[in-house]
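Worksheet: the structure to be examined is printed underneath.
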Amino acid sequence: NPDKMEMYADVESRGGILEPPGIVEVKYRGPQQVEAMHRQDLKLAELDKQLSAATGAEREQLEQAVKARERQLLPLYTSIAEHFADLHDRTGRMEAVGAIRRSVAWKDARRFFFWRAKRRVLQDHFVRRVRQADPRLSHDEAFGRVEVWAKEGNVNASSDEQMAEWLELQDFEARADALRTPYIKAEMEALLEELPERERYALVRGAAVAAGQKKCEACAVM
């Protein structure tokens with residue numbers, strides 16, 4: 001339920017099941033690392049060039065040199081691969097792919113979640129009242145209305161503390177009533193459009209007469 005659930009992680013946490021060495025063992029094994037060495041290492045590139053034209057004993061000697069260079073480079077490439085895998089398992093990557101909303105340092109967690117929870121409780125109540133006033137609005141559209149009102153009050157909508165304090169001071173009912181009147185008018189117009197023209201005219205005329213009578217009654221009382 002994306003409207004209600006939010007995911008967070010400590011800045012030092014990791015998102016994967018496997019440790020970096022395990023990820024490398026699955027995703028970037030020895031043969032793949034050797035292929036990378038031959039693409040990137042200048043010494044191996046030179047040995048490969050010499051090997052392509054060598055024969056006999058010289059070829060055997062060059063092959064041994066290539067193997068020795070691969071063994072020399074393998075720990076370095078493995079270390080780089082594990083570090084790369086670890087970087088892709090951190091909170092920055094989790095946030096980039098939408099797995100979490102943001103990272104939160106453990107030392108700041110109590111304050112952060114106090115204001116976040118307070119804001120969400122008040123905000124969700126406000127959004128619910130807005131949608132009751134105008135059922136045509138989606139959750140995101142209703143939340144957008146709330147954000148617009150907050151910005152009109154010079155409130156930073158990205159600040160949970162500012163939003164929570166602003167929401168506490170709002171008259172939910174007055175804001176909802178201001179939305180409900182246009183919604184009811186739109187619904188009435190839509191219903192009238194479905195009636196045959198003669199019945200629509202009779203209904204509008206009857207409503208006008210009734211409104212006139214009520215106005216006269218009000219004047220008489222005054």
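Anchor point for the sequence shown: position 122 equals 122 in UniProt numbering, and the numbering is continuous, going up by one each time. Yeah, the Cβ is synthetic: ideal placement off N, Cα and C, and Gly gets one too. Computed from a prediction, not measured in an experiment: that's the story for all the values here.
Residue environment analysis places V97 among the exposed positions, since fewer than 16 neighbouring C-beta atoms fall within 10 angstroms of its C-beta.
Non-local beta-carbon contacts of W115 in its own chain, meaning distances under 7 Å to residues more than five positions away in sequence, involve D160, E161, A164 in chain order. Under the three-state reduction of DSSP, V11 is assigned to coil, being neither helix nor strand. Taking C-beta atoms under 8 Å as the contact rule, F143 and V127 qualify, at a distance of about 5 Å. In terms of Cβ geometry, L73 and D41 form a close pair [threshold 9 Å].
For F84, the closest C-alpha among the options K43, G22, V66 is that of G22. Scanning the UniProt domain "CoA carboxyltransferase C-terminal" (1–132) from its first residue to its last, the whole alpha helix (DSSP H) runs of 4-plus residues come out as 20–27, 30–40, 42–53, 56–87, 91–96. Out of I184, S52, L51, G153, the CA that lies nearest to the CA of L167 is found in G153. For the 9 Å CB-CB criterion, D124 and K4 form a contact. When the beta-carbon positions are compared, Q33 and A81 come within less than 9 Å of each other. Comparing C-alpha distances from D134 to each of S158, E187, A9, A65 shows the shortest one belongs to E187. Distance from the CA of R111 to the CA of A105, rounded to the nearest whole angstrom, comes to 11 Å.
Comparing alpha carbon positions, the residue from E46, L47, D140 closest to N1 is D140.
If you check the CB distance, A99 and V130 do not come in under 9 Å. For the pair R39 and L51, the CB atoms are not nearer than the 9 Å cut-off. For the pair R102 and Q132, the Cα-to-Cα distance works out to about 31 Å. By the neighbour-count criterion, in which a residue is buried when 16 or more other Cβ atoms sit within 10 angstroms of its Cβ, T55 is exposed. Taking the C-beta atoms as reference points, E70 is found no nearer than 9 Å to L87.
Between the C-alpha atoms of Q170 and Y8 there is a straight-line separation of about 29 Å.
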